[in-house]
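A short write-up of the structure that comes next.
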Amino acid sequence: MEYDGGPVARVRAALLGAGVGDTVRTFGAGVPTAAAAAEALACDLAAITNSLVFDLSGQPLLILASGAARVDTALVAAQLGAGKIRRASPAFVLEHTGQEVGGVAPVGHPKKIRTLLDSSLREHQLLWAGAGDHNSMFSITYAQLQEITGALELKVR
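What follows is the structure in structure tokens.
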């Protein structure tokens with residue numbers, strides 16, 4: 011649930027601060043998965059932007075991936091010239107994002123996180139991403155998302 015200064019409020023502040031505007035929508039029923047979000051929004055699953063946190067040698071790596079994609083961590087690691095990329099634990103995700111797994115947003119984190127953006131998301135005029143909790147999503151264009159996150163565009167599958 012959103013509260014003053016909570017995760018959704020921080021996402022809204024980040025969006026407004028970046029000049030994107032507040033496009034957050036809150037749903038009565040939760041949207042903790044890409045499939046649930048696509049159904050609630052009546053949009054293509056591939057237009058849902060999953061914010062997936064990985065552990066890269068103890069540092070967070072945020073991969074913004076299409077809801078229709080499964081991230082190939084070996085491919086990503088090879089492109090980055092990095093070691094093994096592991097899925098982060100829920101505690102690691104909360105520590106670095108201030109948000110719980112299933113509601114992680116691309117923005118609104120306590121500190122900037124190294125971010126990668128799935129190049130396949132370019133195919134959609136409008137993207138939807140988690141807004142900090144299990145009930146909220148926001149809309150954004152690919153260009154805006156890349157700009158406000160400073161993400162490196164990368165093939166992730």
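The sequence shown lines up with residues 11 to 167 when you count with this note's numbering.
Positions of the beta carbon are idealized from the N, C-alpha and C atoms, including for glycine.
Where residue i sits in the DSSP three-state scheme
| i | result |
| --- | --- |
| valine 63 | strand |
| alanine 39 | coil |
| glutamate 110 | coil |
| isoleucine 73 | strand |
| glycine 27 | helix |
Spatially closest choice to residue i from the options, by CA coordinates
| i | options | result |
| --- | --- | --- |
| leucine 66 | Ser76, Arg167, Arg22 and Leu90 | Leu90 |
| arginine 187 | Gly40, Leu72 and Phe37 | Since the displayed the chain opens at 11 and closes at 167, residue 187 lies outside it and no answer follows. |
| glycine 140 | Gly16, Ala23 and Ile58 | Ile58 |
| serine 149 | Val117, Arg167, Leu164 and Gly160 | Val117 |
| valine 111 | Trp138, Thr43, Met147 and Val166 | Thr43 |
| proline 70 | Ala23, Ala101 and Met147 | Ala101 |
| tyrosine 152 | Ser146, Trp138 and Val18 | Trp138 |
| arginine 22 | Val166, Ser146 and Gly160 | Ser146 |
| threonine 33 | Arg167, Leu136, Gly108 and Val86 | Leu136 |
Span separating the alpha-carbon of residue i from that of residue j
| i | j | result |
| --- | --- | --- |
| asparagine 60 | glycine 93 | 23 angstroms |
| aspartate 143 | alanine 88 | 32 angstroms |
| serine 99 | valine 81 | 16 angstroms |
| arginine 97 | phenylalanine 64 | 4 angstroms |
| leucine 126 | leucine 62 | 10 angstroms |
| histidine 134 | aspartate 54 | 9 angstroms |
| proline 120 | valine 103 | 12 angstroms |
| threonine 36 | glycine 113 | 12 angstroms |
| threonine 83 | glutamate 163 | 15 angstroms |
| isoleucine 158 | lysine 122 | 11 angstroms |
Any non-hydrogen atom of the ligand NAD closer than 8 angstroms to residue i Cβ
| i | result |
| --- | --- |
| leucine 162 | Ligands in the displayed structure: none, and consequently the ligand NAD is not present. |
Outcome for residue i when other beta-carbon atoms lying within 10 angstroms are tallied against a minimum of 16
| i | result |
| --- | --- |
| glutamine 156 | buried |
| alanine 45 | exposed |
| alanine 115 | buried |
| alanine 39 | exposed |
Quick test of the definition: if touching needs 3 or more C-beta pairs under 8 angstroms, does the region 44 to 52 touch the region 120 to 137? The region 44 to 52 vs the region 120 to 137: no contact.
Per the contact definition of three or more C-beta pairs closer than 8 angstroms, is the region 66 to 77 in contact with the region 23 to 40? Not touching, per the Cβ criterion.
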